[in-house]
Amino acid sequence: MRVGVVGLRMGLYLATWCRRLGMDVVVGCDRDPDRRAEAAAQLPGITLAEDWRELLHEDLDGVVLANNFDEHAPPAIAFLDHGVHVLSESAACASVDEAQALIAAEQRSAATYSFAENYVFHPHVQLVRDAVDAGEIGRITLVEADYLHGMSPGDVTALIRDPGHWRGRIAPTAYCTHTVSPVLALTGELPTEVTAFPVDSADPRAAVVLLVRLTGGGLAVTRHGFLQGEPDSHWSWVSVRGTEGLAESVRAAGDRAWSVRVRHEAWAAAEDVAREQERTPAPLLLDGATVEPKAVGTVRVLEGFRATVEYGEPPLIPVRPAVAASLVGILGAQSLRNNSHPTPIPDLTSTP
Ligand SMILES: NC(=O)c1ccc[n+]([C@@H]2O[C@H](COP(=O)([O-])OP(=O)(O)OC[C@H]3O[C@@H](n4cnc5c(N)ncnc54)[C@H](O)[C@@H]3O)[C@@H](O)[C@H]2O)c1
5 MRVGVVGLRM
15 GLYLATWCRR
25 LGMDVVVGCD
35 RDPDRRAEAA
45 AQLPGITLAE
55 DWRELLHEDL
65 DGVVLANNFD
75 EHAPPAIAFL
85 DHGVHVLSES
95 AACASVDEAQ
105 ALIAAEQRSA
115 ATYSFAENYV
125 FHPHVQLVRD
135 AVDAGEIGRI
145 TLVEADYLHG
155 MSPGDVTALI
165 RDPGHWRGRI
175 APTAYCTHTV
185 SPVLALTGEL
195 PTEVTAFPVD
205 SADPRAAVVL
215 LVRLTGGGLA
225 VTRHGFLQGE
235 PDSHWSWVSV
245 RGTEGLAESV
255 RAAGDRAWSV
265 RVRHEAWAAA
275 EDVAREQERT
285 PAPLLLDGAT
295 VEPKAVGTVR
305 VLEGFRATVE
315 YGEPPLIPVR
325 PAVAASLVGI
335 LGAQSLRNNS
345 HPTPIPDLTS
355 TP
C-alpha cells in the first residue's frame with residue numbers, strides 16, 4: 005500500500021507508525037525545509053515535496069492529511085477526486101460549505117474517506133464502549149467528555165496565542181473533535197444542536213464547555229482547552245451515564261487513568277446488588293512488544309485505514325460523523341459569538 009503524508013510534524017509521527025505497520029510511505033510533503041530534513045533523516049528513501057498538489061501524481065493508494073487543522077478539506081476533496089483514499093487528521097472541514105463539498109466529493113469518488121480520530125480508540129474509551137455495547141448500563145442518557153491540558157500559562161501562550169499559527173487562529177470551540185468523536189462513536193448518534201460557553205470570561209480562548217443535543221434525545225457535555233488537574237490518559241476523560249448505570253474513566257494519575265469504573269445499580273439487577281468494578285485495559289502487543297497506551301488509538305486508526313484501502317473494509321470513522329464532529333466546533337463558535345445562543349446543526353445526511 006503506497007502512502008503519501010501531507011504535513012510532517014504530527015504527520016511524521018503517523019508516517020513512522022505507518023512504516024512500522026507495514027505500509028509503504030513513499031512520499032511526504034511540507035512547506036518547511038526543516039520538517040522535510042527531519043523526515044529525510046527519519047524515513048530513509050522517502051521522496052519529499054513542498055506542495056501537496058505534487059502528491060496527486062504519485063500513484064498513491066492512500067494519503068494521510070496532517071497539515072494545518074483548518075485546511076484539510078481542500079486536499080481531501082482533491083485526493084478523493086483523484087481516486088486516492090484519504091485519512092484526515094482531527095478536523096474534517098472548517099465551514100458548512102466545506103462540509104457539504106467534502107460529503108459530495110466522497111460520494112462521487114471510488115476512494116474512501118476516513119477520519120484519523122485516535123481518541124475514539126484510546127484504551128479507556130474502548131473499555132467504556134465495551135460496557136455500553138454489552139448493555140451493562142442501559143440506554144445512554146448523558147455523556148461527558150474532556151480534552152483538557154493542564155499546562156503552565158507560558159506554555160499555553162506559546163501554543164495558542166500566535167495568530168500566525170493555526171492553533172492561534174482557530175475558534176476556541178474548533179478542536180472539539182477529540183471529545184465529540186468519542187461521544188458520537190459511543191452513542192451511534194449525530195449532533196442536532198450546540199450551545200457553547202467560555203469557562204472563564206476573563207480568558208475566553210483558554211477553555212470552553214459545549215452542550216450538545218444528540219439525535220437520540222440524550223445530551224453530551226464536552227470540555228476542552230486548558231484547565232488544570234487532568235488525569236494522565238493523554239488529556240482525555242470520558243463518562244457515560246445510562247438508564248441503569250455508569251461507565252467512566254478514572255480521574256487518576258499514572259496508569260490507572262486508563263482504567264474504567266463500571267457501576268450497575270442494585271435496583272436494576274436481578275439479585276438486587278449493585279455491581280461495581282474497576283476495569284484495566286488489556287495491553288496491545290505488536291511484534292511481541294507492548295504499545296504504550298497513548299499510541300494504541302493511532303495504531304488502531306492506521307490499521308483500520310489499511311483494512312479499508314487493502315481489503316475494502318468500511319472506514320472506522322467515515323465522512324458523515326467526521327463532518328458532524330467538526331460542525332459542532334464550527335457552529336459552537338457561532339454560538340459563542342451570539343452570547344451562548346443554542347445553535348442548530350444542519351442534517352447533512354441528505355446532501356445530494
Ligand atoms: N490526533 C492527535 O492526537 C493529534 C496530535 C497532534 C496533531 N494532530 C493534528 O494534526 C494536524 C497537524 O498538527 P501539528 O501539531 O502537526 O501542526 P503543526 O503546525 O506543528 O505542523 C503542521 C505542518 O504542516 C505543514 N503544512 C501546513 N500546510 C501545508 C501545506 N499546504 N503544504 C505543505 N505543508 C504544510 C507545516 O509547515 C507544518 O510543518 C492538525 O490537524 C492537528 O489537529 C492530531
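Going by the numbering used here, 110 is the number at position 106 of the sequence shown; the sequence numbering is gapless. The beta carbon of each residue, even a glycine, is placed where N, CA and C say it ideally should be.
Note on geometry: alpha-carbon atoms of L340 and T181 lie some 17 Å from one another. In this structure, the beta-carbon distance from A43 to G87 does not fall below 9 Å. Out of Q46, T247, V216 and G222, the CA that lies nearest to the CA of T347 is found in V216. For G66, DSSP records a beta bridge to V7 and H89.
For E110, same chain residues with a beta-carbon under 7 Å away, outside a window of 5 residues either side, are L84, Y117 and V323 in chain order. Separation of R227 and E282 (C-alpha to C-alpha, rounded to the nearest whole angstrom) is 24 Å. Annotated three-state conformation of P127 is helix, per DSSP.
For I144, the enclosing beta strand (DSSP E) begins and ends at I144 to L152. V147 and S243 have their alpha carbons spaced roughly 6 Å apart.
Nearest C-alpha to E234 among H89, T302, S99 and S253: S253.
Within 10 angstroms of the beta-carbon of D28 lie fewer than 16 other beta-carbons, which makes it exposed. Residue side-chain check: W241 keeps its Cβ at 8 Å or more from all non-hydrogen atoms of ligand 1. Closest option to V129, judged by alpha-carbon separation, among Q338, A326, T284 and H345: T284. Setting aside the 5 residues that flank it on each side, V7 is surrounded in the same chain by C22, M27, V29 and G66, each with a C-beta closer than 6 Å to its C-beta; the list follows chain order. At least one heavy atom of ligand 1 lies less than 8 Å from the C-beta of A70.
Inclusion of A178 and D74 in the CB contact set at 9 Å is warranted, their separation being smaller than that value. Within 10 angstroms of the beta-carbon of W241 lie 16 or more other beta-carbons, which makes it buried.
If you draw a straight line from the Cα of P78 to the Cα of I107, it comes to about 12 Å. The criterion of a C-beta distance shorter than 9 Å is satisfied by R304 and F125. Distance from the CA atom of L320 to the CA atom of F309, rounded to whole angstroms, is 8 Å. Taking all protein chains in view, the Cβ of E280 is surrounded by fewer than 16 other Cβ atoms within 10 Å, so the residue is classified as exposed. Short note on V10: C-beta closer than 8 Å to some heavy atom of ligand 1. In chain order, T199, A200 and F201 place their CB closer than 7 Å to the CB of S344, counting only its own chain and leaving out the 5 sequence neighbours on each side. The segment 12-21 and the segment 287-304 touch, with three or more beta-carbon pairs separated by less than 8 Å. Closer than 8 Å to some heavy atom of ligand 1: that describes the Cβ of R171.
In the structure shown, Q281 falls within a strand segment according to DSSP collapsed to helix, strand and coil.
As summarised for the segment 179-213, the continuous beta strand (DSSP E) elements at least 3 residues long and confined to that stretch are 195-202, given in chain order.
Take L60, set aside five residues on each side of it, and the residues of its chain with a beta-carbon closer than 8 Å to its own are A82, F83, H86 and V88, in chain order.
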